[in-house]
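Engineer:
There are 2 protein chains.
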Amino acid sequence: MLTRDEVNRRQQQSLDLFNQAGIVITPAEKERIEIADFGLGDFERTGLGVLIYVNTQRVCAKELAMLPRQTCPEHRHPTVGGRPGKEETFRCRWGEVYLYLPGDASQHRHSNPPAGRESTYTVWREVVLKPGDQYTLSPDTLHWFQSGAQGAVVSEFSSTSTDEADVFTDPDIQRFTRIVV
Amino acid sequence: MLTRDEVNRRQQQSLDLFNQAGIVITPAEKERIEIADFGLGDFERTGLGVLIYVNTQRVCAKELAMLPRQTCPEHRHPTVGGRPGKEETFRCRWGEVYLYLPGDASQHRHSNPPAGRESTYTVWREVVLKPGDQYTLSPDTLHWFQSGAQGAVVSEFSSTSTDEADVFTDPDIQRFTRIVV
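As you go down the protein sequences, you meet chains W and V in turn. First residue of the first sequence: 542, per this note's numbering; consecutive thereafter. First residue of the second sequence: 542, per this note's numbering; consecutive thereafter.
1. What residues match up with W/His-684 in a beta bridge as DSSP calls it?
2. Thinking just about the alpha-carbon of each residue, which of W/Thr-710, W/Gly-644, W/Gln-715 is nearest to the one in W/Ser-660?
3. Excluding the 5 residues preceding and the 5 following V/Asp-704 in the sequence, name in chain order all residues of the same chain whose CB lies nearer than 6 Å to its CB.
4. Along chain W, in chain order, which residues have C-beta atoms closer than 9 Å to that of V/Tyr-594?
5. List the residues of chain W that V/Gly-580 touches, going by C-beta distances under 7 Å, in chain order.
6. Are the beta-carbon atoms belonging to W/Arg-551 and W/Pro-655 less than 8 Å from one another?
7. Considering only residues of the same chain and omitting the five flanking positions on each side of W/Thr-544, which have a CB-CB separation below 6 Å?
8. Would you mind reading off the limits of the alpha helix (DSSP H) that contains W/Val-548?
9. Buried or exposed: which applies to V/Gly-582, given that a residue is buried once 16 or more other Cβ atoms fall within 10 Å of its Cβ?
10. For the stretch 581-615 of chain V, enumerate the residues whose C-beta is nearer than 7 Å to any C-beta of chain W, in chain order.
11. Does chain W have any CB closer than 8 Å to the CB of V/Pro-619?
12. Keeping to the same chain, check which residues put their C-beta closer than 8 Å to that of V/Gly-622; ignore five residues upstream and five downstream.
13. Per DSSP, W/Val-694 forms a beta bridge with which residues?
14. Could you pull out every residue in the same chain whose Cβ sits closer than 7 Å to the Cβ of V/Tyr-641, ignoring the five residues on either side in sequence?
15. Shorter than 8 Å from the beta carbon of W/Glu-570 to some beta carbon of chain V?
16. Taking 8 Å as the threshold (beta carbon to beta carbon), is V/Val-664 in contact with chain W?
17. Out of V/Pro-614, V/Glu-572, V/Thr-567, V/Lys-603, which one is the CA nearest neighbour of V/Phe-584?
18. Assign W/Thr-567 to buried or exposed, taking buried as 16 or more other Cβ atoms, counted over all protein chains shown, within 10 Å of its Cβ.
19. Going straight from the alpha carbon of V/Val-595 to that of W/Thr-630, what length do you get?
20. When the Cα atoms are used, what is the spatial distance from V/Pro-625 to V/Thr-701?
21. At a CB distance below 8 Å, what residues from the stretch 646-672 of chain W approach chain V? Give them in sequence order.
22. In terms of residue numbering, what span does the alpha helix (DSSP H) encompassing V/Arg-573 cover?
23. Per DSSP, what are the beta-bridge partners of W/Gln-715 in this structure?
24. If contact means a Cβ-Cβ distance below 8 Å, which residues of the stretch 543-562 of chain V contact chain W?
25. Hey, how far is the Cα of V/Gly-644 from the Cα of V/Pro-680?
26. Does DSSP put V/Thr-661 in a helix, a strand or coil?
27. Apart from the five residues on each side of it in sequence, which residues of its chain come closer than 6 Å, Cβ to Cβ, to W/Glu-575?
28. Express the C-alpha separation of W/Gly-580 and V/Leu-589 in angstroms, rounding to a whole number.
29. Going along the chain, which residues of its own chain have a beta-carbon closer than 7 Å to the beta-carbon of V/Ile-714, five neighbours each way excluded?
30. Rounding to the nearest angstrom, what Cα-Cα distance links W/Gln-675 and W/Val-638 in this structure?
31. According to DSSP, is V/Ala-577 helix, strand or coil?
32. With DSSP run on the structure shown, which of helix, strand or coil describes V/Glu-705?
33. Skipping 5 residues on each side, what residues in its chain have a beta carbon closer than 6 Å to that of W/Gln-561?
34. Taking the beta strand (DSSP E) that W/Gly-588 falls in, what are its first and last residues?
35. With distance defined between alpha-carbon atoms, name the residue in V/Ala-569, V/Ile-564, V/Ile-593, V/Val-565 nearest to V/Ala-577.
36. Could you check whether the Cβ of V/Thr-663 sits closer than 7 Å to any heavy atom belonging to the ligand ADP?
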């Protein structure tokens, strides 16, 4: 749950991150940045700023802004009504991001889940993405990611985004941020 | 038709444009930049540099690098074998780009087709894209575009790219560049 003032402040932080990455967005787009706190009310640890450039019946492109050491919590994009789940590519533009996937746990991880919520994280194979690096996930693959010490800007190229269909490991998560007016 | 040396030189120019736009690509990606001259052998006027980030069965994302006043010639993405033609969004990242589409001809256009090839251009409704501006084309829509005086960097988000299916208005065009070794 966020106040309108907090949303405005967080949108400005996302804009600052985009600027750091050399990414130009319009004033109207700034107002559209989604400040996602996943219903946990702990945005600085679990959350991210999301700007959807385009989301049609076929294609979606987003820009993600992450504060330092911020986590997008573990989830997957399942098949819904016979339509294959979202396939997505993450491309790091600025900062660093650590992506976690099913498979053998990496021995020396760069990040840990947000304290107190460790039990809602289950995949531990780490892929490090620095600027210019990218990774494509198959549909329905469990994943979570955390930014490095500077934060990160990540482009996401994907099939149609249907965030309401996402399945989170953490039962306390609600995908859509409630804004108090 | 391009020599390997010219391809290398043009790839460096594309990289310089990406750097101008703050876009980081890897050394391996630089080597993969397609120098598209559309078979006309006049790259500085008709051509562009294309870096495909990802092109799966569902989604494609590219970065386009355009020298000053360079033109991507008129074409469309038709339905092939029952599969709807490519739907694409162009987002200007740096410089300026002038996109031409079917509809009422714009009275004051910012660009003209390359001299000598005017007869192979047929659509004249102009959309100006500056950094942060974008436009989504429906499948099978005729379009061409030209960069402004500085050149341009444009991100393209689309459904699967099948360049070999593109239909160009200019019968002399061959989509794939021939490189002489």
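Glycine is no exception: its CB is placed at the ideal position from the N, C-alpha and C atoms. Because the structure is a prediction, the values reported are computed rather than measured.
Structural biologist: Here's the rundown:
1. W/His-616
2. W/Thr-710
3. Arg-716
4. Thr-630, Arg-632, Gln-675, Ser-696, Phe-698
5. Neighbours of V/Gly-580 on chain W: none; closest Cβ ~28 Å, over 7 Å.
6. no
7. Val-721
8. 545-561
9. exposed
10. Tyr-594, Val-595, Thr-597, Arg-599, Val-600, Ala-602
11. no
12. none
13. W/Ala-606, W/Trp-635
14. Val-664, Trp-665, Arg-666, Glu-667, His-684, Trp-685, Phe-686
15. yes
16. no
17. V/Pro-614
18. exposed
19. 8 Å
20. 10 Å
21. Pro-672
22. 568-573
23. Answer is none; W/Gln-715 lacks a bridge partner.
24. Ala-562
25. 16 Å
26. helix
27. Val-591
28. 45 Å
29. Phe-579, Gly-580, Leu-581, Pro-614
30. 10 Å
31. strand
32. helix
33. Trp-635
34. First-last for W/Gly-588: undefined, no H or E at that position.
35. V/Ile-593
36. No copy of the ligand ADP occurs in the structure displayed, which carries no ligand at all.
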